[in-house]
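Have a look at the structure below before the remarks.
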């Protein structure tokens, strides 16, 4: 360790964050205290856990506490904890940089509008840096538990481009943060104001938050300043209390503490489970998705406690991947205090807790969907794509998840996904036996697909699936409520009872009449198609491409290739043509075989483009089109 003071520069993102914090969150200044106390609480939890295996880390000071003290003359607020503390390397890692996945996406999302950016900052989580909302200088002194007193470090910054690090002596483990308040922030030097903030935002924290008792007056009316510390919070783990003793506001503030989020949650579930396993769960559905929701390295959001002792976070065994947005705590009475990740992987008790908590979360979402459409719409907008993953991941709950899915369809008003599978089934036409859907890269591509033409003509609703995950959803969810799901772009068209005898007769007649032109097109496209057939599914377009019932869709093939995955040699598609279309009739009448071949190639390429495909040779397509335009215009 260096023996002298060093000056180091902040990571670029930290500079940006500090600037935004000071300007965007100024109207909600008091949250700085909540954030710093929350960090102190986390540090105490981590010490508690590490001390299970290494009790010597407690250093004859087992009573964990957080203290807030005010100095009106020096104009400072000091927050002290005797938690785990930090080493020099940890200070640089946690305070000098932002090693959080999703950072780049976060900064790309900033708009420059202070109000909007304040919400984004809260969504990202700011923690320690919120100190600079009210302070023009912050001094942090810390020593990691178990390290000698000489290995403490003092960090100091005025919140601009750099900070200093200096080795110091610190007898007690833990962290002390001194905020040198800006001019005009005198409200935070008032005992009653600070106590109000603590009770508002941090009452639920299980570690005592202490302040000096404050001044009193003796018999002669003289002010007497007490050196006695008193707890100003309830200091009991919120989830251990009876639901009747917890207000909605306390539930919301606990969520903000445990999730490090500024926004209120959409809903929560709090239950004590007794029986073969005894545990308490307090689980939340956030109202906004974090930036790292799709990052592979992101941490899960449920913390594991054993008999109110924090054990670990990022416990993937507690919640399946498709519910990774859930936040909260699970407190078990049965697991050993020295439980490890390896034990978790093989624990039947954990499997039972996980199954119970998944049911609670799904019930919570079902209640939102049934009783608060606006909140459920918010949930779906933020987390719908993630929940869809559960259709393939969680076989036991597939039917419950399927009922929670929402889609856009050909009868939707607007572009918002509001149609449930139950809604679709309730609207099915008399004689309709299947739930029809189409997958596409965009909503516009889905709405305008040639495959929908006959369904629009007959007034049959089709689900428009445009999320990347929808290909896997449709592969895993083959039926709903006894009705099979059918892609309108796969296999030969079979409308079942929706097709009357007159339709069938007309189709057969069209197929017979089209045989010569079908053979002509098939000959021209022998290298590109498996078959060419007449179809009744087209009313306005000349042609469309269809893959086999059990073949990979063209959309899925493109998704896999875009993700850099190897794709097996796909089966050739079938080209279906509309015999009544003027372009097909023109091809049938064409005497020049070369021109007829060019028309057939154009039919294929147009069909490929219409479904979002990519031409192998765009230049040849353009030349062919130009050539035909010139020849046919003569």
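In the numbering used here, the protein residues as written are 498 to 1131. Beta carbons are placed, not taken as given, at the ideal position from N, Cα and C, and that holds for glycine. All values reported here derive from a predicted model rather than from experimental measurement.
{"Query": "From what residue to what residue does the beta strand (DSSP E) around residue 808 run?", "Result": "806-809"}
{"Query": "What span of residues does the beta strand (DSSP E) with residue 1031 cover, start to end?", "Result": "1028-1031"}
{"Query": "By Cβ distance below 7 Å, which residues in the same chain neighbour residue 733 in space, the five residues on each side in sequence not counted?", "Result": "703"}
{"Query": "In the DSSP output, which residue or residues are listed as bridge partners for residue 942?", "Result": "The partner list for residue 942 (beta bridge, DSSP) is empty, contrary to what the question assumes."}
{"Query": "How long is the line joining the alpha carbons of residue 982 and residue 931, rounded to whole angstroms?", "Result": "6 Å"}
{"Query": "May I ask whether a heavy atom of the ligand GTP can be found less than 7 Å away from the beta carbon of residue 742?", "Result": "What this structure holds is no ligand at all, so the ligand GTP is not there to describe."}
{"Query": "Output yes or no for whether 8 Å exceeds the beta carbon distance between residue 564 and residue 707.", "Result": "yes"}
{"Query": "Taking the alpha-carbon of residue 889 as reference, which of 878, 910, 975, 1014 has the nearest alpha-carbon?", "Result": "975"}
{"Query": "Suppose the cutoff is 6 Å on Cβ atoms and the five residues either side in sequence are ignored; what does the same chain contact list for residue 526 look like?", "Result": "630, 631"}
{"Query": "So, residue 832 versus residue 863, is the Cβ gap smaller than 8 Å?", "Result": "no"}
{"Query": "Leaving out five residues before and five after residue 506 in sequence, what residues of the same chain have Cβ atoms less than 7 Å from its Cβ?", "Result": "658, 659"}
{"Query": "When you compare the region 1030-1048 with the region 963-973, are there three or more beta-carbon pairs, one atom per stretch, that lie closer than 8 Å?", "Result": "no"}
{"Query": "Where does residue 706 sit, in a helix, a strand or coil, going by DSSP?", "Result": "strand"}
{"Query": "Quick check on this structure: which residue in 1024, 1085, 994, 1049 has the alpha carbon closest to the alpha carbon of residue 1017?", "Result": "1085"}
{"Query": "With DSSP as the reference, identify every bridge partner of residue 854, one or two as the case may be.", "Result": "Bridge partners of residue 854: none, in fact."}
{"Query": "Which runs of the beta strand (DSSP E) spanning at least 3 residues fall entirely within the region 626-706, listed in chain order?", "Result": "632-640, 649-654, 659-665, 671-678"}
{"Query": "Confirm, please, whether the CB-CB distance from residue 851 to residue 816 is below 8 Å.", "Result": "yes"}
{"Query": "Would you mind reading off the limits of the beta strand (DSSP E) that contains residue 780?", "Result": "776-782"}
{"Query": "Just to check my reading of the structure: residue 634 and residue 649 have Cβ atoms closer than 8 Å, yes? What is that Cβ distance to the nearest angstrom?", "Result": "So it is not a contact: roughly 19 Å between Cβ atoms."}
{"Query": "Going by C-alpha distance, which of 1098, 855, 1104, 1112 is nearest residue 1121?", "Result": "1098"}
{"Query": "My output table needs one value for residue 981: the three-state DSSP class, helix, strand or coil.", "Result": "strand"}
{"Query": "Tell whether a beta-carbon distance below 8 Å holds between residue 692 and residue 729.", "Result": "yes"}
{"Query": "Mind checking which residues open and close the beta strand (DSSP E) that includes residue 745?", "Result": "Where residue 745 is concerned, there is no enclosing beta strand (DSSP E), although the alpha helix (DSSP H) it sits in stretches over 745-756."}
{"Query": "For residue 554, which residues in the same chain have their Cβ closer than 7 Å to its Cβ, ignoring the five residues on either side in sequence?", "Result": "544, 547, 548, 642, 643"}
{"Query": "Pull up the CB-CB distance for residue 561 and residue 584, whole angstroms please, since I reckon it's below 8 Å.", "Result": "The Cβ separation is near 20 Å, so there is no contact."}
{"Query": "Go through its chain and collect everything with a Cβ distance to residue 673's Cβ below 6 Å, but skip five positions before and after it.", "Result": "577, 638"}
{"Query": "Using beta-carbon positions only, say whether residue 987 and residue 1050 come within less than 8 Å of one another.", "Result": "yes"}
{"Query": "Within its chain, find whatever has a CB closer than 6 Å to the CB of residue 820; leave out the 5 residues flanking it on each side and keep chain order.", "Result": "858"}
{"Query": "Can you tell me where the alpha helix (DSSP H) with residue 875 in it begins and where it stops?", "Result": "870-885"}
{"Query": "Please state if the CB of residue 1014 and the CB of residue 1081 are separated by a distance shorter than 8 Å.", "Result": "yes"}
{"Query": "Could you tell me the boundaries of the alpha helix (DSSP H) in which residue 1086 lies?", "Result": "1079-1086"}
{"Query": "For the beta strand (DSSP E) that residue 1112 lies in, which residues bound it at each end?", "Result": "Note, residue 1112: premise wrong, no beta strand (DSSP E); not H, not E."}
{"Query": "Can you tell me where the alpha helix (DSSP H) with residue 951 in it begins and where it stops?", "Result": "950-955"}
{"Query": "Go through its chain and collect everything with a Cβ distance to residue 690's Cβ below 7 Å, but skip five positions before and after it.", "Result": "684"}
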